[in-house]
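Sequential numbering of the sequence shown, starting at 1, is according to UniProt numbering.
Backbone N, C-alpha and C fix where the C-beta goes; we use that ideal spot for every residue, glycine too.
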Amino acid sequence: MTTVKLTGIAASDGIAIAPVYLLTEPNLSFETKRVEDADAEVARLDAAYGQAIAEVSKIRDIAKESLGAEEAQVFDAHLMVLQDPEFTDQVKMKIKDENVNAEAALHEVSTFFINMFAGMEDNPYMQERAADIKDVSERVLAALLGVKLPSPATIDEEVVVIAHDLTPSDTAQLNKDFVKAFVTNIGGRTSHSAIMARSLEIPAIVGTKSITETVKDGDLLIVDALEGIVLLNPTEDEIKEYQAKADAYAAQKAEWEKLVAAPSVTKDGHHVELAANIGTPKDVKGVLENGAEGVGLYRTEFLYMDSPDFPTEDDQYEAYKTVLESMDGKGVVVRTMDIGGDKELPYLTLPEEMNPFLGYRAIRISLDRKEMFKTQLRALLRASVHGDLRIMFPMIATLQEFRAAKAILDETKAELVAEGIEVSDSIQVGIMIEIPAAAVLAHQFAKEVDFFSIGTNDLIQYTMAADRMNEQVSYLYQPYNPSILTLIKHVIESSHKEGKWTGMCGEMAGDQIAVPLLLGMGLDEFSMSATSVLKTRSLISKLNLTDMQALADKAINECSTAEEVVELVNAAVEAAQNN
């Protein structure tokens, strides 16, 4: 059998060799048939129910352990439906009365109940049951058809997950003890699945275009997520070659691990802060294990995305408190809810928009829905006494927006103090610089904020007018373009003139080509996936600040293309490492 080679975008470093687990939607179509033996058909239905109950029970137990009891409640609801005689008996009666196959009877009865519950517009609780019945019916139907329903939470053997794309909730369910890598058809280095893969330390390749059509369950794959190469049905020699490469990478990681307790200092003694990005309190373990000096971005929207309804003030307080206490006095930058764009909530109805990335999202929703915003701010302010909290507002375009958000924060703080609740007096308040208008006006913003954190993922796509998830224009996603570098330098210099600091929480902060340039431009804090911290610390220790300042100036003032900048940086880093 000939080895098949596919290429994609290396999104999370590592090498894996394991069989395929296809995470794709199965075909659940069936034909309505008359049956001679209705009792045998009922027995087949009972067996399918038994299989479904076992699967849901397993998923619920995993969800309880990984996400908590509250998150797992949805699966308790599914089990109740599966064991509800009013539902199951009607399916059996239809089989016996009409002598139809179990698939047809199940479909007709479940459709009746789904439509009935979905129509109860004055009872939201009953409306939600429609979704439960739909999920449960699909699971029983899959069992009847002998088709596997994908469920990343139930993977219990070493595999490479293959999907068209992975949602944040799919990625959050992956157990890295068993999921050795994942590969998708679409996506880029800055897609949410790629960012989460780096947080979970799972090798990932995205944007292969056709991996789901090329492989089947059980095929052996080599995933080289250092180079962006996938090998299907590799030879014995190729397996040995890549096993050796995996061993070499593991040895390199072991060298980096020696820097866990080391300071982040250049060769000539300049210190910067290397922080990590997190999505949930569970991610703090990786932050500490990788020697990060703080949390530069806590993406609080995952609290909302992982919840069946708006998280309560107390739920949020506990999450923020856990992170602040775990970081033991190190700085924690918490971004207020950044929902919208490609991050939707099933319980928050957002308007249909032509371009949601430029629409009603992030701070725009928070300012419009003040009570929801204040719930989050109350939780943050209550948690502030447990560590070094820094609050950051996302998607700020104008000074008026910042002032409005700050006014709500101050109002919320005054209310808490009036209630006798203790709040820290040393909370820094900053903004994400991700809209070009804010970057250009950074010298004015710097007079009023405590810090900037540059969100390069969006700043680049907005500056270049190129959707970072659109493969047709992906060539325009250029972190090293001199125009982007000029904006970044202006932001950093503007903050320094006012005695403030600038961090970066976009993926560019851990990019090994970008790091020397950012160092030279005076970036104070680099926040990245925890797994990139030690590699970046190692690189910084080999560089001289004065040399990097000259490099950054040359890149901005003399280079006209991103390619020229890359060539310039590679030559400078090679020279630095040889000295």
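Between the stretch 318-336 and the stretch 231-239, are three or more C-beta pairs nearer than 8 angstroms? By the Cβ rule, the stretch 318-336 does not count as touching the stretch 231-239, because fewer than three pairs are nearer than 8 angstroms.
Between Lys58, Ile202 and Ala163, which has its C-alpha nearest Ile17's C-alpha? Looking at the Cα atoms, Ile202 is the closest of the given residues.
Pop quiz: Leu106 and Val81 are said to be a contact at Cβ under 8 angstroms. What is the actual Cβ separation, rounded to whole angstroms? No, Leu106 and Val81 are not in contact; Cβ-Cβ is about 12 angstroms, not under 8 angstroms.
Which of helix, strand or coil does DSSP assign to Gln83? Under the three-state reduction of DSSP, Gln83 is assigned to coil, being neither helix nor strand.
Would you mind listing the alpha helix (DSSP H) stretches within the stretch 306-374 that are 4+ residues and don't spill past its ends, in chain order? Counting whole runs of 4 or more residues, the stretch 306-374 contains the alpha helix (DSSP H) stretches 313-326 and 363-368.
Just how far apart, CA to CA, sit Val491 and Leu22? Each residue's Cα considered, the two are about 44 angstroms apart.
Let's see if you can read the secondary structure: which residues bound the beta strand (DSSP E) around Gln428? Per DSSP, the unbroken beta strand (DSSP E) holding Gln428 starts and ends at Gln428 to Ile433.
C-alpha distance - Val159 paired with Leu221, whole-angstrom precision: Going from the Cα of Val159 to the Cα of Leu221 covers about 9 angstroms.
My guess is that residue 582 and Val4 are in contact by the Cβ rule of under 8 angstroms, so how many angstroms apart are they, rounded? Because the chain here runs from 1 to 579, residue 582 falls outside it and cannot be looked at.
What residues in its chain sit with their C-beta under 7 angstroms from that of Asp524, if we drop five residues either side in the sequence? These residues qualify, in order along the chain: Val272, Glu273, Trp501, Thr502 and Gly503.
Give the range of the alpha helix (DSSP H) segment to which Val573 is assigned. Per DSSP, Val573 belongs to the alpha helix (DSSP H) from Ala562 to Asn578.
Is the stretch 534-542 touching the stretch 509-522 in the sense that three or more CB pairs, one from each, lie closer than 8 angstroms? The answer is yes - the stretch 534-542 touches the stretch 509-522, with three or more Cβ pairs under 8 angstroms.
Runs of 4 residues minimum, wholly inside the UniProt domain "PEP-utilising enzyme mobile" (156-228): which ones carry the alpha helix (DSSP H) assignment? If we require 4 residues or more, the alpha helix (DSSP H) runs fully inside the UniProt domain "PEP-utilising enzyme mobile" (156-228) come out as 168-172, 192-200 and 211-214.
Quick check on Gly503: does DSSP put it in helix, strand or coil? DSSP places Gly503 in strand when its eight states are reduced to three.
In this structure, does DSSP put His270 in helix, strand or coil? Coil at His270, not helix or strand.
Output yes or no for whether 8 angstroms exceeds the beta carbon distance between Met548 and Leu568. No, these two residues do not count as a Cβ contact at 8 angstroms.
So the alpha helix (DSSP H) Gly296 belongs to, where does it begin and stop? No alpha helix (DSSP H) holds Gly296; the beta strand (DSSP E) holding it covers Val295 to Arg299.
Could you compute how far the alpha carbon of Arg299 sits from the alpha carbon of Glu493? Whole-angstrom Cα-Cα distance: 26 angstroms.
Please go through the same chain and pick out, in chain order, the residues whose beta-carbon is closer than 6 angstroms to the beta-carbon of Ile468, but skip the five residues on each side of it. The amino acid occupying residue 468 in the given sequence is Arg; Ile does not appear at that position. Closer than 6 angstroms at the Cβ level, and outside the excluded window around Arg468, lie Gly188, Thr190, Gln461 and Tyr477.
Contact under 8 angstroms by Cβ, Val223 with Ile205: The criterion of a C-beta distance shorter than 8 angstroms is satisfied by Val223 and Ile205.
Run through DSSP, which three-state label would Asp388 get? Note: Asp388 maps to strand in three-state DSSP.
What three-state label does DSSP hand Ser532 in the structure shown? Correct three-state label for Ser532: helix.
Mind checking whether Val287 and Ile162 have CB atoms under 8 angstroms apart? The answer is no: Cβ separation not under 8 angstroms.
Is the stretch 212-219 touching the stretch 27-44 in the sense that three or more CB pairs, one from each, lie closer than 8 angstroms? The stretch 27-44 vs the stretch 212-219: no contact.
Quick one, which of Ala465, Gln577 and Gly455 has its alpha-carbon nearest Val333's? When the alpha-carbon of Val333 is set against those of Ala465, Gln577 and Gly455, the nearest one is in Gly455.
For Phe112, count neighbouring C-beta atoms within 10 Å of its own C-beta (all shown protein chains included) and say buried if the count is 16 or more, exposed if not. Phe112 is exposed by the Cβ-count criterion.
Are three or more beta carbon pairs between the stretch 360-374 and the stretch 277-292 nearer than 8 angstroms? Verdict: no, contact absent.
Heavy atom of the ligand ATP less than 7 angstroms from the Cβ of Thr7, yes or no? This structure simply doesn't include the ligand ATP, nor any ligand for that matter.
Helix, strand or coil at Met486 according to DSSP, with G and I counted as helix: Contrary to the premise, residue 486 reads as Thr rather than Met in this sequence. Three-state result, Thr486: helix.
CB of Val423 within 8 angstroms of CB of Leu381, strictly: Yes, the pair counts as a contact, with Cβ atoms nearer than the cut-off.
Between which two residues does the beta strand (DSSP E) containing Thr463 stretch? Per DSSP, Thr463 lies in no beta strand (DSSP E) segment; the continuous alpha helix (DSSP H) that holds it begins and ends at Thr456 to Met464.
Val42 (DSSP reduced to helix, strand or coil): In the three-state DSSP reduction, Val42 falls in the helix class (H, G or I).
Rounded distance between the beta-carbons of Ala438 and Ile396, thought under 8 angstroms: Beta-carbon to beta-carbon, Ile396 and Ala438 are separated by about 6 angstroms, close enough to satisfy the 8 angstroms threshold.
May I ask which residues mark the beginning and end of the beta strand (DSSP E) holding Ile17? Here the beta strand (DSSP E) through Ile17 covers Ile15 to Leu22.
So, at 7 angstroms on beta carbons, what are the nonlocal neighbours of Ala77 in its own chain, with the 5 sequence-adjacent residues on each side left out? Correct list, in chain order: Asp132.
Going by DSSP in three states, Ala251 sits in which element: helix, strand or coil? DSSP places Ala251 within a helical segment (H, G or I) once states are collapsed to three.
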